[in-house]
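According to the numbering used here, the sequence shown is numbered sequentially starting from 98. Heads up, the beta-carbon is just placed ideally off N, CA and C, and yes, glycines get one too. Please read all numbers here as calculations on a predicted model, not as lab measurements. Shown next, in structure tokens, is the structure this report addresses.
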Amino acid sequence: MPRKPRPLDRDGGVVRDATLIVIASEDTHAVKNYLDLFRARRVQFRVLPTVDGQSSPKHLIDRLDEDRKTVDYGEGDEFWISLDGDRWLRPDRIATLTNLVQLCRQKQYRVALCSPCFEFWLLLHFAKPVGIDYRQCRSAIDALRQAAGGYQKQRVDNLGLTVELVHAAIDRARQLEPSDGTAEQDLPEYPVARFHLIVESLLQREAIDLRR
């Protein structure tokens, strides 16, 4: 069966040679809603969200594998897994996560780990992290609601994000990581927000712009 053409939103102004950034997300709503805020001509995000609770690391890899079989992606397109650490950075599950990272390297998939969860990345748009437990997503959600004045997974657009806030989040996320280039390779026992690496893939190609 022939594969589908690259799903570029030409009506939305995306150019023919744009880079597709494909993300298999453990989250159902927030990741897609966040990336839908970005407006770009040379980059298009394609989010494969979790449905029916199929959110294990294996399910995320399988989702990317299946998508790549059916779509005719280009050489420069990128493939990511967006993963929450609170579920997997545990003694009884760390082996599963280690195997995931190794398999992703083999397949040339990149891993955007947020620990404890994606909401920690959202929090960094508004405040420096203080007192966040990398094992408990609730601590990040509570801090986000306090810093942003409220939060709903299905309505990330209500956070009122700006270009300046996105750049602030990137800077804060970088400060959480070692400076020796090993950020994606380790499984940290402290809060991290490696989703900034996905946003920086956009920054490498054009300036950040948000929909109004």
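| Query | Result |
| --- | --- |
| So, helix, strand or coil for residue 116, using DSSP? | strand |
| Could you name the residues that DSSP lists as bridge partners for residue 181? | 211 |
| With a 10 Å radius around its C-beta and 16 neighbouring C-beta atoms as the bar for buried, classify residue 287 as buried or exposed. | exposed |
| Taking Cβ to Cβ, would you say residue 126 is nearer than 8 Å to residue 243? | no |
| Given a cut-off of 8 Å on the beta-carbon distance, is the pair residue 222 and residue 266 in contact? | yes |
| Counting pairs of Cβ atoms below 8 Å between the segment 222-232 and the segment 193-210, do you hit three or more? | no |
| Relative to the C-alpha of residue 174, which residue among 236, 299, 308 and 156 is closest? | 299 |
| Pick out whichever of 150, 156 and 122 has its Cα sitting closest to the Cα of residue 143. | 122 |
| Taking Cβ positions, are residue 146 and residue 129 nearer each other than 8 Å? | yes |
| Measuring straight from C-alpha to C-alpha, what distance separates residue 268 and residue 136? | 21 Å |
| So what does DSSP say about residue 224, is it helix, strand or coil? | coil |
| Is the beta carbon of residue 134 less than 8 Å from the beta carbon of residue 154? | no |
| Would you report the Cα separation of residue 307 and residue 296, rounded to the nearest angstrom? | 12 Å |
| Just checking residue 288 against the ligand PLP - is the residue's beta carbon closer than 7 Å to any of the ligand's heavy atoms? | Absence of the ligand PLP is noted for the structure shown, with no ligands found whatsoever. |
| Does the Cβ of residue 304 have 16 or more other Cβ atoms within 10 Å, making it buried, or fewer, making it exposed? | exposed |
| So, is residue 274 buried or exposed, given that buried needs 16 or more other C-beta atoms within 10 angstroms? | buried |
| For a test of the three-state rule: what should DSSP assign to residue 145, helix, strand or coil? | strand |
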